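Enquirer: Please read through the structure below; I'll follow up with questions.
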């Protein structure tokens, strides 16, 4: 074999080696891209995406614990509920549930000191979500309570418990049926009086939205930074109609506002 032939063979071999390496890397890249584009497992998706509230059928538990643990429990009728015990994740999850309110939010809380949650309530009110809050009278204006700040906004109604016994509840109702009915009556009455013509005009242009399914969050957790960061706490979230109905009745028993006559049928 002469030098010219050997040189050609060497160049051909090098070309084949380089091409094979390029092909190998290309295959690896395509494989990884396909893998990364695939949906994660159900448990991982449930923990990362946290809340799928599209159909609003909810049976969930939020546990504020020291350890990051993920496990699944069975909830009738044979439905899996993934519990994600990570403080950061659970704070995000709690706020996402609150943010999901579309029409009404009724809050019955011993104390509210979390500025993050207060900001979310203000944003909900700015989106025309009707918000009512009942807090214990002794804790309402004790620093670092957020009640004074929330009362500055006319679209957030706040009442301190006027009963002699301690108001130690810690629950909220998102889009409860009775509260939504009350909101619709108030809205219709305002439109009849033409109090907010610009809102009426805007509402008429909107497409019809499917009614939301209400749910309730209740447990040991106050809406405070201390509770979410340092304490062992639990919150049950459910859209079961009977449970939502009972919490709505309890809220109405504490909401002692003199309602207008046109709301007396509720």
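In this note's numbering, the protein residues as written are 551 to 816.
Beta carbons are placed, not taken as given, at the ideal position from N, Cα and C, and that holds for glycine.
Keep in mind that this is a model prediction, so the values were computed, not measured.
1) What's the gap between the Cα of residue 684 and the Cα of residue 668?
2) Kindly indicate if chain B contains any beta-carbon less than 7 angstroms away from that of residue 778.
3) For the beta strand (DSSP E) that contains residue 735, what are its first and last residues?
4) Please list the segments of the alpha helix (DSSP H) lying wholly inside the region 659 to 737, counting only runs of 4 or more residues, in order along the chain.
5) Could you check which residue in 609, 616, 800 and 639 has the C-alpha nearest to that of residue 722?
6) Straight-line CA distance for residue 777 to residue 783?
7) Which residue wins for smallest C-alpha separation from residue 775, given the options 679, 803, 648 and 661?
8) Tell me the rounded alpha-carbon separation between residue 646 and residue 779.
9) Where residue 790 and residue 675 are concerned, what is the direct C-alpha to C-alpha distance, given to the nearest angstrom?
10) By the DSSP assignment, the alpha helix (DSSP H) with residue 607 in it spans what residues?
11) Identify whether residue 798 lies in helix, strand or coil by the three-state DSSP scheme.
12) For residue 766, does the three-state DSSP call read helix, strand or coil?
13) How about residue 733 and residue 680: are their beta carbons less than 7 angstroms apart?
14) What residue does the beta strand (DSSP E) around residue 784 start on, and which one ends it?
15) Between 731, 719 and 671, which lies nearest to residue 703 when the distance is taken from Cα to Cα?
16) Assuming residue 726 and residue 656 make a contact with CB atoms under 8 angstroms, what is their CB distance in whole Å?
17) Which stretch, first to last residue, makes up the alpha helix (DSSP H) that contains residue 637?
18) So, with DSSP's three-state summary, where would you put residue 806?
19) Less than 7 angstroms separating the beta-carbons of residue 708 and residue 701?
20) Which residue comes first and which comes last in the alpha helix (DSSP H) that contains residue 615?
21) Less than 7 angstroms between the beta carbons of residue 730 and residue 654, yes or no?
22) Looking at residue 713 and residue 798, is the spacing between their C-beta atoms short of 7 angstroms?
23) Measuring only the C-alpha atoms, how far is residue 737 from residue 786?
24) Starting from the Cα of residue 673, find the closest Cα among 686, 687, 649 and 682 and give me that residue.
25) Here's the rule I'm using: 16 or more other beta-carbon atoms within 10 Å means buried, otherwise exposed. How should residue 794 be labelled?
26) Drop a sphere of 10 angstroms on the beta-carbon of residue 549, count the other beta-carbons inside from all chains shown, and report buried for 16 or more, exposed for fewer.
27) Looking at the strands, I want to know which residues DSSP matches up with residue 655.
Expert: Once the coordinates are examined:
1) Going from the Cα of residue 684 to the Cα of residue 668 covers about 14 angstroms.
2) No chain B is part of this structure, which consists of one protein chain only.
3) Premise fails: residue 735 lies in the alpha helix (DSSP H), 727 to 742, not in any beta strand (DSSP E).
4) Taking only runs of at least 4 residues, the alpha helix (DSSP H) segments lying wholly in the region 659 to 737 are 665 to 676 and 697 to 700.
5) Ranking 609, 616, 800 and 639 by Cα distance to residue 722 puts 800 first.
6) Straight-line spacing of the CA atoms in residue 777 and residue 783 works out to 7 angstroms.
7) That would be 661, whose Cα lies nearest to the Cα of residue 775.
8) Roughly 17 angstroms between the two C-alpha positions.
9) If I take the Cα positions, the gap works out to 25 angstroms.
10) Unbroken run through residue 607: none, as it is neither H nor E.
11) Three-state DSSP puts residue 798 in a helix.
12) Residue 766 falls in the strand class under three-state DSSP.
13) Less than 7 angstroms separates the beta-carbon of residue 733 from that of residue 680.
14) Counting along the chain, residue 784 sits inside the beta strand (DSSP E) bounded by residues 783 to 788.
15) Proximity to residue 703 across 731, 719 and 671 peaks at 671, based on C-alpha coordinates.
16) Right, their Cβ atoms sit about 6 angstroms apart.
17) 637 to 649 is the span of the alpha helix (DSSP H), which, as asked, contains residue 637.
18) Note: residue 806 maps to coil in three-state DSSP.
19) Yes. Within cutoff.
20) Careful: residue 615 lies outside any alpha helix (DSSP H) and carries neither H nor E.
21) Residue 654 sits close to residue 730, with the two beta carbons spaced by under 7 angstroms.
22) No. Outside cutoff.
23) Approximately 31 angstroms, taken between the alpha carbons.
24) Nearest of 686, 687, 649 and 682 to residue 673, Cα basis: 649.
25) Per the 10 Å Cβ criterion, buried.
26) Shown here, the chain extends from 551 to 816; a query on residue 549 therefore has no answer.
27) Per DSSP, 681 and 724.
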